[in-house]
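In UniProt numbering, the protein residues as written are 1 to 448.
And the structure:
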């Protein structure tokens, strides 16, 4: 069943080449953070290019509930913030829908204010563990009460007298790091986050842009991020780059659909997010960067992807996982269409995403005729080469937008069509996925 209503079955069929430009939505990570930091600033922040998927719209609604004024005028969003520590207590439950990023960042942003808020989400989000965030937030003085296993619905009682924290992130997670940094904004003194493996650094970049005093140093402990608390954040004009995680789908589709040539303009290529594209090139993908430039402190380029008959399986370096964790599902689709074996290790984070993404992809790929091995922290896909995947099955999306899109991409290269039982969750991150892909020539259609 869809996270947002009646299931929407969808089928992808192999057909002609994909051609044209794919204008993917704005970056989801930056969109969430733009709204939250705008709400914590004093004055008006304007945002263009915001991803208007359900996940981000739920975050906008949450910022209104905490007292910020969030409005839309055409393609521009306006956020009149309440300042650091200025959140008011919401009158109702905060529903974050399907968004793990949204709920965890918002929890961090409110954890050091003397207010109480209750969070919930859809069936998928209610099944995901929150302890990884609420445990470090407790160090500030925040209390959390939720369902068994630290799951939503959950009530957070913000710290009345927060203290600064020094916290080493046990597992690479930009969500956890960001929640701690956002909580540190309203704590006195210096909050320090240590990460052994670097994760996406949008929060650090954007905090600096909003006027926070923040520094990042590489030491023997790892990457040490130091934030001085209780700044007055300055409102900003933000142009959100297009999302590399969304770009992954038309890019990977072009690589495996015979005769394709697709340009994906204005993609953010922050080095903490671009691991997939590096990996694809190592596999032999005909993938090039054009018009490389910098916008708003973030590297940006146009990506051109062409059908690549010579794709080869590789072993993906485990240390690259943090820079492409959301892209492993669609990478496994490319791996299925490559020659040889693709090995992915250091990916246990995939077990606790919107679904268990290793299991979801492994089960679906096996049903489609691909050999897959898996363990707690790794999986291996044995490729069948160009045009070698039989397909012809229906797979479960498991309320996970990336699982649904990945199997629809696979269906563009399988011998028989691939059907997804519910493509409804795609709207959470990529609401224009269907018209964008069909506009390129993809044989994707809703059933019935």
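In this text, a Cβ means the ideal position worked out from N, Cα and C, and glycines have one as well.
For the candidate residues 418, 15 and 183, whose alpha-carbon lies nearest to that of residue 258?
15
According to the neighbour-count rule (16 or more other Cβ atoms, all chains shown, within 10 Å of its Cβ), is residue 220 buried or exposed?
exposed
Cutting at 8 Å between CB atoms, please list the residues of its own chain near residue 200, excluding the five before and the five after it.
29, 174, 270, 272, 273, 322 and 323
Alpha carbon to alpha carbon, what distance is there between residue 340 and residue 348?
23 Å
Any idea what DSSP makes of residue 244, helix, strand or coil?
helix
Comparing alpha-carbon positions, which option in 267, 353, 420 and 413 lies nearest residue 256?
413
Status (buried if at least 16 other CB within 10 Å, exposed otherwise) for residue 357
buried
Applying the criterion that 16 or more other CB atoms from any shown protein chain within 10 Å of the CB defines a buried residue, is residue 3 buried or exposed?
Low confidence applies to residue 3: its pLDDT is 44, below 50, so where it sits in the model is not reliable, and the reading given next is rough at best. Counting Cβ neighbours within 10 Å, residue 3 comes out buried, since at least 16 surround it.
Status (buried if at least 16 other CB within 10 Å, exposed otherwise) for residue 54
buried
Contact set for residue 159: own chain, Cβ-Cβ below 6 Å, skip 5 residues either direction:
112, 140, 141 and 142
Can you list, in chain order, the residues of its chain with a C-beta nearer than 8 Å to that of residue 240? Leave out the 5 residues immediately preceding and following it.
26, 27, 30, 31, 34, 47, 48, 49, 50 and 51
Please return the same chain residues whose Cβ sits closer than 7 Å to the Cβ of residue 8, not counting the five positions on each side in sequence.
2, 422, 423, 424 and 446
So, with DSSP's three-state summary, where would you put residue 250?
helix
Pick out the complete beta strand (DSSP E) segments inside the segment 177-234, 3 residues or longer, and give them in chain order.
190-195, 214-219 and 222-228
Decide if residue 215 is buried, meaning its Cβ has at least 16 other Cβ atoms within 10 Å, or exposed.
exposed
In terms of DSSP beta bridges, what is residue 293 paired with?
300
Going along the chain, which residues of its own chain have a beta-carbon closer than 6 Å to the beta-carbon of residue 226, five neighbours each way excluded?
190, 192 and 215
Please list the terminal residues of the continuous beta strand (DSSP E) segment that includes residue 384.
Neither: residue 384 is in no beta strand (DSSP E) and is coded neither H nor E.
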